[in-house]
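Just below is one structure, and these are the notes that go with it.
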Amino acid sequence: MDNYNVDEAACTLYITCHLKNFISMYGPRGYRLLNARIGEMTQLAYLSAAVLKLDCGAALGVRAQVMKELLGLGQGEEVVLAFYLGTMQRPCFLFDFRLG
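Each residue of the sequence shown is one higher than the one before, counting from 17 in my numbering.
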């Protein structure tokens with residue numbers, strides 16, 4: 017998905033966490049551990065989408081407060097990443113390199 021247009025996404029996955037709880041459990045390294053886990057989940061989502069031949073994209077800049085309300089998240093739970101899935105788009109070629 018070139019611009020991660022929510023209107024074009026057939027499905028959106030949201031990864032959420034309780035950041036304060038995670039850091040209190042794991043200390044200062046908690047933030048790094050959380051980022052590693054989020055990266056792992058995102059990579060698995062990308063691989064799964066590729067196997068299913070779906071277009072996809074991850075976005076960190078989610079309108080967190082709006083999404084928290086729409087998803088009904090509890091106190092302290094944050095949206096950390098959105099993963100958009102859609103049907104495979106036809107490639108857009110800017111130049112035709114074929115000869116003859």
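Each residue gets a CB set at the ideal place from its N, CA and C atoms; glycine is no exception.
- Annotation for G88: no alpha helix (DSSP H) segment contains it, and DSSP assigns it neither H nor E.
- Looking at the DSSP output, G73 bridges to Y100.
- Taking the CA atoms as reference points, V22 sits about 7 Å from Y100.
- With fewer than 16 other Cβ atoms from the protein chains shown falling within 10 Å of its own Cβ, V82 counts as exposed.
- Cβ neighbours of T58 within its own chain (closer than 8 Å, five residues either side excluded): I31, A74, L97, F99.
- Of the candidates Y62, T103, G92, G92 places its Cα closest to the Cα of K36.
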